[in-house]
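First residue of the sequence shown? That's 30 in my numbering, and the numbers climb one at a time after it.
Some notes on the structure that comes next.
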Amino acid sequence: MKPDTERRSGDERRRARTVRKAVFPAAGLGTRFLPATKAQPKEMLPLVDKPIIQYGVEEAAAAGCDQIILITGRGKSAIEDHFDTSYELEMMLEQKGKKDLLKIVRQISDMIYVSYVRQKEALGLGHAILTARELVGHEPFAALLADDVIDAPVPVLKQLIDVFNEKQSSVIAIQPVEGPMISSYGVIKGKEVPGTGGKLFEVLDLVEKPKREEAPSNLAVIGRYILTPTVFETLSEIRPGAGGELQLTDGLRALLKREKMYACVYEGRRHDTGDKLGFLKATVEFALKREDLGGPFREYLKSLKF
Numbered sequence: 030m031k032p033d034t035e036r037r038s039g040d041e042r043r044r045a046r047t048v049r050k051a052v053f054p055a056a057g058l059g060t061r062f063l064p065a066t067k068a069q070p071k072e073m074l075p076l077v078d079k080p081i082i083q084y085g086v087e088e089a090a091a092a093g094c095d096q097i098i099l100i101t102g103r104g105k106s107a108i109e110d111h112f113d114t115s116y117e118l119e120m121m122l123e124q125k126g127k128k129d130l131l132k133i134v135r136q137i138s139d140m141i142y143v144s145y146v147r148q149k150e151a152l153g154l155g156h157a158i159l160t161a162r163e164l165v166g167h168e169p170f171a172a173l174l175a176d177d178v179i180d181a182p183v184p185v186l187k188q189l190i191d192v193f194n195e196k197q198s199s200v201i202a203i204q205p206v207e208g209p210m211i212s213s214y215g216v217i218k219g220k221e222v223p224g225t226g227g228k229l230f231e232v233l234d235l236v237e238k239p240k241r242e243e244a245p246s247n248l249a250v251i252g253r254y255i256l257t258p259t260v261f262e263t264l265s266e267i268r269p270g271a272g273g274e275l276q277l278t279d280g281l282r283a284l285l286k287r288e289k290m291y292a293c294v295y296e297g298r299r300h301d302t303g304d305k306l307g308f309l310k311a312t313v314e315f316a317l318k319r320e321d322l323g324g325p326f327r328e329y330l331k332s333l334k335f
């Protein structure tokens, strides 16, 4: 039998390669949704009856992440309040016998452990991730952009974690994008992993928002990442790019020089709720899927004269 110290060190190494923490950058000003976001965070805008960020947190929890790290800024206290216990509301619902609503409210605060880091200046996505360094520590972690709400039978983050568990390397989510819209994304240059049916690629390079004719592929990066802690080293070493911001893409390119990285074509339907039209489409589609709303809402839509 191995000595206790040796067994403990082995256990610690195995735990260090398990993704338990999920980071949510949520310090942006949400200017595309003004005036609605003048006094409330864009992450709290509701899709039907749940705020945008809750969809991402539920995805992380369903993928096995039990610790959520929210990167916030000024004017974001509503996010903290949403995931906190509301004693007055719960007491009122309990006294009035509204058990179904009470269960919904309690599920929000009970589903995960949440901690917060304040990003004092909006210095880019890379900087936002870097602010979580002390809370993440020396272990792999997930990063999710709440604007990307993805409807999938298997949570996209779980799809990435399954790849990470096999490859023990950083994994990013990608989707095919055709035409000029490719210039709105980070794009990978990759080598298909044999036997994966075009679903998994080893990343060779990353290009941020390339011109259409210069894009290395049609595979665009979307807001789901599994990253090793080495990314904190690369983010702390790179120089600010346009607008004085630390770009996550630059940090990932530097990471490629040290470690392997993979890109997974996820299964699911993505909604870009950071865009007004995308937000409206997501609202309609999520409402139509609801058992309590889908039927009447579908009939209403059919009644409209276009």
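Cβ atoms here follow ideal geometry from the backbone N, Cα and C, with glycine treated the same way.
Here the structure is a predicted model, which means the values were calculated and not measured.
Between the CA atoms of residue j and residue i - distance to the nearest angstrom
i, j, result
"D95", "F53", "13 Å"
"A51", "L154", "15 Å"
"V192", "Q204", "16 Å"
"Q276", "S265", "11 Å"
"I82", "L118", "21 Å"
"K127", "M120", "10 Å"
"D177", "H300", "6 Å"
"G208", "D321", "38 Å"
"L281", "V86", "24 Å"
"K187", "S144", "21 Å"
"K125", "A181", "36 Å"
"A107", "P269", "30 Å"
"G59", "L309", "16 Å"
"I133", "T259", "38 Å"
"L285", "V216", "14 Å"
"T47", "E242", "39 Å"
"P325", "R147", "43 Å"
"V250", "L256", "14 Å"
"A171", "L63", "29 Å"
"E262", "G297", "32 Å"
"H111", "E88", "17 Å"
"R44", "E195", "At R44, the pLDDT of 45 sits below 50, so the modelled position is not reliable and the matter cannot be decided from this model."
"S213", "H156", "20 Å"
"V313", "E109", "27 Å"
"A202", "L122", "40 Å"
Residue i, buried or exposed, once every other Cβ within 10 Å from all chains shown has been counted against 16
i, result
"D129", "exposed"
"K220", "exposed"
"S246", "buried"
"A65", "exposed"
"H167", "exposed"
"P169", "buried"
"M290", "buried"
"K105", "buried"
"Q197", "exposed"
"G252", "buried"
"L248", "buried"
"T225", "exposed"
"Y84", "buried"
"Y142", "exposed"
"F335", "exposed"
"P80", "buried"
"D279", "buried"
"V206", "buried"
"P229", "Before going on, a small fix: residue 229 reads as Leu here, not Pro. Buried, by the Cβ-count rule."
"A68", "exposed"
"E223", "The displayed chain sequence assigns Pro, not Glu, to residue 223. Counting Cβ neighbours within 10 Å, P223 comes out exposed, since fewer than 16 surround it."
"E72", "buried"
"L306", "exposed"
is_contact[residue i, chain C] using C-beta, thresh 9 Å
i, result
"G85", "You won't find chain C in this structure, because it holds only one protein chain."
Presumed contact (8 Å Cβ cut-off) between residue i and residue j, rounded CB distance
i, j, result
"T302", "L164", "The Cβ separation is near 26 Å, so there is no contact."
"Y295", "V200", "Wrong, their Cβ atoms sit about 10 Å apart, outside the cutoff."
"L152", "G57", "Incorrect: roughly 12 Å between the Cβ atoms, too far for contact."
"A175", "A316", "Wrong, their Cβ atoms sit about 19 Å apart, outside the cutoff."
"V232", "A161", "Actually they are not in contact, since the Cβ atoms of V232 and A161 sit about 22 Å apart, beyond 8 Å."
"A92", "I190", "6 Å"
Whole runs of the alpha helix (DSSP H) within the stretch 180-209, excluding any shorter than 4 residues: Runs of the alpha helix (DSSP H) inside the stretch 180-209: 185-196.
3-residue-minimum beta strand (DSSP E) runs that sit fully inside the stretch 35-93, ordered along the chain: Counting whole runs of 3 or more residues, the stretch 35-93 contains the beta strand (DSSP E) stretches 50-54.
Any beta strand (DSSP E) of 3 or more consecutive residues that is wholly inside the stretch 262-295: Taking 3 residues as the minimum length, the beta strand (DSSP E) runs contained wholly in the stretch 262-295 are 290-294, in order along the chain.
Those runs of the alpha helix (DSSP H) which lie wholly inside the stretch 213-249 and span at least 4 residues: Correct list: empty.
Given 8 Å, three or more beta-carbon pairs between the stretch 229-245 and the stretch 326-334: Contact between the stretch 229-245 and the stretch 326-334 is not established, with fewer than three Cβ pairs separated by less than 8 Å.
Ranges of the beta strand (DSSP E) found wholly within the stretch 93-132, counting only runs of at least 3: Along the stretch 93-132, the beta strand (DSSP E) occurs as fully enclosed runs of 3 or more residues at 96-101, listed in sequence order.
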